[in-house]
Ligand code: GLN
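Numbering (mature numbering (1 follows the signal peptide of the UniProt record, and there is no 0)), first residue to last: 3 to 310.
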């Protein structure tokens, strides 16, 4: 296999500057009112190379909520606790041509399409053991571990904003309860809202990308959670559903397991090699960061990173 190419902050910065103005073509998410307050012009780009070395450019200290990127962490924990067969007995491995908040397939097969769309992710979080907010705290602890950043917290204001306006997610939660997939109370939905509100930086996202790219080994070589099969599962879900209904086209143009969130972040795993984290809160119609996508695209072209 080819060595990971040499990277420099200068190269990353020229990619960032080339794509900076894409924010004007998208829109900051405001269906969660608190998210609408984000600075549309903020932009950051981080890479962790094969050796765990970090490269940062742009608004590197800017924090944003991880939103749907938390779904891969919750999936890792649920599968570790219950086994893959138990989790995927309740949901599918399917891709989708529907947006992230679609009810598919709760009204037909009765089960969510995959753990990357909201329905499957809400179910996944409900499958993590523990009462009250314990499942959320497990997700938070895992994010802190993977990033080696114990200062990571969640945003109470974003959490409260999601809880107050997330009626569609609440609808999915109760439909899955009706279908016999969810047994607990609304605390379990709260844990999903809380995990979406975890705040981090592009560098933290690059470290998460690195972790799943390298069999769940941390960027500093810590092997506490090393598990090639779980990494493969997460990467395959990222590839087929991580960018929602854009995942197919994204596989063609970028060709890397990636997960986006409506906070404007995208985490990318370059299998066996590096992690990439991007941030720009202006989104395309699918809910994926627009400048983020274009920075990833340029990075992939310049360094030949597609898995295909
Ligand atoms: N918290 C968001 C929601 O449930 C997450 C969606 C996303 O990032 N795509 O609507």
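Glycine included, C-beta positions come from ideal geometry on N, C-alpha and C.
The structure presented is a predicted model; accordingly, all values stated were derived computationally and were not measured.
Which term fits residue i, buried or exposed, when burial requires 16 or more other beta carbons within 10 angstroms of its beta carbon?
{"i": "residue 266", "result": "buried"}
{"i": "residue 87", "result": "exposed"}
{"i": "residue 193", "result": "buried"}
{"i": "residue 222", "result": "exposed"}
{"i": "residue 152", "result": "exposed"}
{"i": "residue 220", "result": "buried"}
{"i": "residue 332", "result": "Because the chain spans 3 through 310 in this model, residue 332 falls outside it and cannot be assessed."}
{"i": "residue 289", "result": "buried"}
{"i": "residue 133", "result": "exposed"}
Quick one: Cα of residue i to Cα of residue j, how far?
{"i": "residue 91", "j": "residue 17", "result": "42 Å"}
{"i": "residue 70", "j": "residue 116", "result": "13 Å"}
{"i": "residue 236", "j": "residue 43", "result": "31 Å"}
{"i": "residue 8", "j": "residue 62", "result": "21 Å"}
{"i": "residue 3", "j": "residue 21", "result": "For residue 3, the predicted model reports a pLDDT of 48, less than 50, meaning its position is unreliable; a value from the coordinates is still stated below. Going by the C-alpha atoms only, they are around 30 Å apart."}
{"i": "residue 13", "j": "residue 269", "result": "19 Å"}
{"i": "residue 148", "j": "residue 156", "result": "16 Å"}
{"i": "residue 150", "j": "residue 41", "result": "27 Å"}
{"i": "residue 261", "j": "residue 242", "result": "10 Å"}
{"i": "residue 232", "j": "residue 74", "result": "10 Å"}
{"i": "residue 93", "j": "residue 54", "result": "34 Å"}
{"i": "residue 203", "j": "residue 179", "result": "34 Å"}
{"i": "residue 159", "j": "residue 39", "result": "11 Å"}
{"i": "residue 296", "j": "residue 307", "result": "14 Å"}
{"i": "residue 282", "j": "residue 96", "result": "28 Å"}
{"i": "residue 66", "j": "residue 46", "result": "11 Å"}
{"i": "residue 85", "j": "residue 15", "result": "42 Å"}
{"i": "residue 303", "j": "residue 213", "result": "22 Å"}
{"i": "residue 64", "j": "residue 110", "result": "42 Å"}
{"i": "residue 251", "j": "residue 101", "result": "14 Å"}
{"i": "residue 114", "j": "residue 185", "result": "16 Å"}
Using C-beta distances below 7 Å, list every residue in its chain close to residue i, excluding the 5 sequence neighbours before and after it, in chain order.
{"i": "residue 174", "result": "105, 108, 120, 121 and 124"}
{"i": "residue 35", "result": "163 and 167"}
{"i": "residue 79", "result": "130, 140, 141 and 144"}
{"i": "residue 6", "result": "Reliability fails at residue 6, whose pLDDT of 47 lies under 50, so the model's placement of it is uncertain and the value that follows must be treated cautiously. So the list reads 51, 52, 275 and 276, once near-sequence residues are dropped."}
{"i": "residue 195", "result": "161, 164, 165 and 168"}
{"i": "residue 72", "result": "141, 197, 198 and 200"}
{"i": "residue 225", "result": "219"}
{"i": "residue 146", "result": "152 and 154"}
Sorted by chain position, which residues of the same chain lie with C-beta nearer than 8 Å to residue i's C-beta, five sequence neighbours on each side aside?
{"i": "residue 99", "result": "247"}
{"i": "residue 135", "result": "189, 192, 193 and 196"}
{"i": "residue 83", "result": "129, 130 and 131"}
{"i": "residue 89", "result": "77, 80, 81, 117, 126 and 129"}
Identify, in the order they occur along the chain, each residue of the same chain with its Cβ nearer than 6 Å to the Cβ of residue i, setting aside the five sequence neighbours on each side.
{"i": "residue 58", "result": "48 and 205"}
{"i": "residue 11", "result": "57 and 59"}
{"i": "residue 177", "result": "108"}
{"i": "residue 259", "result": "237, 240, 241 and 271"}
{"i": "residue 37", "result": "31"}
{"i": "residue 112", "result": "181"}
{"i": "residue 138", "result": "193, 196 and 197"}
Which stretch, first to last residue, makes up the beta strand (DSSP E) that contains residue i?
{"i": "residue 261", "result": "260–262"}
{"i": "residue 59", "result": "56–60"}
{"i": "residue 250", "result": "From DSSP, residue 250 is part of no beta strand (DSSP E) but of the alpha helix (DSSP H) over 249–255."}
{"i": "residue 270", "result": "267–271"}
{"i": "residue 278", "result": "277–281"}
{"i": "residue 46", "result": "46–50"}
State the start and end residues of the unbroken alpha helix (DSSP H) segment that holds residue i.
{"i": "residue 147", "result": "136–149"}
{"i": "residue 204", "result": "204–215"}
{"i": "residue 88", "result": "86–90"}
{"i": "residue 243", "result": "230–243"}
{"i": "residue 219", "result": "Premise fails: residue 219 is in no alpha helix (DSSP H) and is neither H nor E."}
{"i": "residue 195", "result": "189–198"}
{"i": "residue 311", "result": "Only positions 3 to 310 of the chain appear in this structure, which leaves residue 311 out of reach."}
{"i": "residue 175", "result": "169–180"}
{"i": "residue 123", "result": "120–128"}
Do residue j and residue i count as a contact pair if the criterion is CB distance below 7 Å?
{"i": "residue 141", "j": "residue 215", "result": "no"}
{"i": "residue 298", "j": "residue 257", "result": "no"}
{"i": "residue 208", "j": "residue 279", "result": "yes"}
{"i": "residue 294", "j": "residue 68", "result": "no"}
{"i": "residue 77", "j": "residue 126", "result": "yes"}
{"i": "residue 28", "j": "residue 300", "result": "no"}
{"i": "residue 25", "j": "residue 253", "result": "no"}
{"i": "residue 190", "j": "residue 291", "result": "no"}
{"i": "residue 218", "j": "residue 228", "result": "yes"}
{"i": "residue 172", "j": "residue 103", "result": "no"}
{"i": "residue 118", "j": "residue 211", "result": "no"}
Checking contacts by CB at 7 Å: is residue i closer than that to chain D?
{"i": "residue 239", "result": "This model lacks chain D altogether, as it is built from one protein chain only."}
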